[in-house]
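Q: In my numbering, the protein residues as written are 1 to 241.
We put the beta carbon where it would ideally sit given N, CA and C, even for glycine.
Quick one: the structure is below, questions incoming.
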Ligand SMILES: CC(C)(COP(=O)(O)OP(=O)(O)OC[C@H]1O[C@@H](n2cnc3c(N)ncnc32)[C@H](O)[C@@H]1OP(=O)(O)O)[C@@H](O)C(=O)NCCC(=O)NCCS
């Protein structure tokens with residue numbers, strides 16, 4: 001093994017750097033963007049969720065995934081952020097193109113303003129009796145496949161543990177294999193089916209539930225999955241309560 005092998009071996013084993021995201025509670029300033037994420041993730045949902053009402057609810061707790069970097073120093077591995085400045089460098093044509101691109105971006109994200117954190121996803125939980133019920137989990141389409149839905153689910157389970165819930169439960173469309181894969185990875189198993197549960201197409205829902213999350217076995221498995229997630233995507237800050 002020569003020096004270059006040592007360097008590449010060290011690179012292979014060094015965990016990725018932290019990404020510019022924080023999982024934190026939904027706040028008043030996020031209401032518009034949360035509604036946008038919902039529209040993107042659940043286009044057929046009607047009526048839309050009143051996030052303002054959820055914020056006041058005694059049983060609901062929502063977490064958002066907020067992007068904390070800024071256009072001038074944006075992480076290049078993530079979808080681009082619009083530049084907050086109105087003037088672009090690089091000549092008038094380049095400037096006009098950039099302004100056009102920003103306008104398209106802002107039309108898709110009308111609630112975002114320069115200086116705001118971008119809300120890339122959210123998860124909502126209702127605490128009923130001794131269960132934490134995931135009422136919704138969604139990520140903006142351009143941010144999917146980057147480990148962010150998984151990060152939100154980890155934060156939701158950690159919150160449920162801190163709230164001393166017995167188990168986490170949810171409903172999912174029978175056709176939604178992406179979400180089911182995510183839930184199965186976190187050891188949710190099928191506990192039943194609600195016939196014609198979704199009003200848009202009368203699709204059935206699978207009811208999926210974890211084992212008791214306070215059990216040592218489940219905690220150990222969760223810790224392994226979190227360590228694997230950090231190895232693959234880097235560490236991330238989660239403020240779940
Ligand atoms: C479901 C959703 C939240 C997943 O978020 P995501 O950020 O794209 O997923 P991640 O990148 O964190 O992937 C986590 C796991 O999900 C599953 N998954 C993600 N994308 C997948 C795909 N294209 N095909 C199959 N499984 C997939 C895998 O199990 C993956 O783990 P792995 O990478 O170890 O294989 C996201 O797709 C979404 O917002 N969908 C629309 C809304 C929705 O359906 N919500 C669930 C309602 S119950």
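So the beta strand (DSSP E) residue 128 belongs to, where does it begin and stop?
A: Residue 128 sits at position 128 when you count from the first residue of the chain shown. Unbroken beta strand (DSSP E) run through residue 128: 118-128.
Q: Starting from residue 208, follow the beta strand (DSSP E) in both directions and report where the run begins and ends.
A: The residue you call residue 208 lines up with position 208 of the chain shown. Its beta strand (DSSP E) spans residues 205-209.
Q: How would you write the range of the beta strand (DSSP E) that residue 194 sits in, first residue to last?
A: The count along the chain shown starts at 1 and reaches residue 194 at position 194. Residue 194 -> beta strand (DSSP E) spans 189-194.
Q: Please confirm whether any heavy atom of ligand 1 lies closer than 7 Å to the CB of residue 58.
A: Within the chain shown, numbered from 1, the residue matching residue 58 stands at position 58. No.
Q: When every heavy atom of ligand 1 is checked, does at least one fall within less than 7 Å of the C-beta of residue 109?
A: For this step, residue 109 is matched to residue 109 along the chain shown. Every heavy atom of ligand 1 is 7 Å or more from the Cβ of residue 109, so no.
Q: Under 8 Å, do residue 218 and residue 187 count as touching if we go by C-beta distance?
A: Taking the first residue of the chain shown as 1, we reach residue 218 at position 218. Taking the first residue of the chain shown as 1, we reach residue 187 at position 187. Cβ atoms of residue 218 and residue 187: closer than 8 Å.
Q: Considering only residues of the same chain and omitting the five flanking positions on each side of residue 17, which have a CB-CB separation below 8 Å?
A: Taking the first residue of the chain shown as 1, we reach residue 17 at position 17. Closer than 8 Å at Cβ, skipping near neighbours: 234.
Q: For the stretch 124-136 and the stretch 148-166, state whether three or more C-beta atom pairs, one from each stretch, are separated by less than 8 Å.
A: Yes, the stretch 124-136 touches the stretch 148-166.
Q: What is the DSSP secondary structure of residue 54, counted as helix, strand or coil?
A: Against the chain shown, residue 54 aligns to sequence position 54. Residue 54 falls in the helix class under three-state DSSP.
Q: For ligand 1, is there any heavy atom lying closer than 7 Å to the beta carbon of residue 39?
A: As a working note, residue 39 is residue 39 in the chain shown. Outside the cutoff, so no.
Q: Using the three-state DSSP reduction, which class does residue 134 fall into: helix, strand or coil?
A: Taking the chain shown and counting its residues from 1, the one referred to as residue 134 is at position 134. Residue state, collapsed to three classes: strand.
Q: Jot down the residue ranges of each uninterrupted alpha helix (DSSP H) in the stretch 159-186, minimum 4 residues, whole runs only, in chain order.
A: Within the stretch 159-186, the complete alpha helix (DSSP H) runs of at least 4 residues are 177-185.
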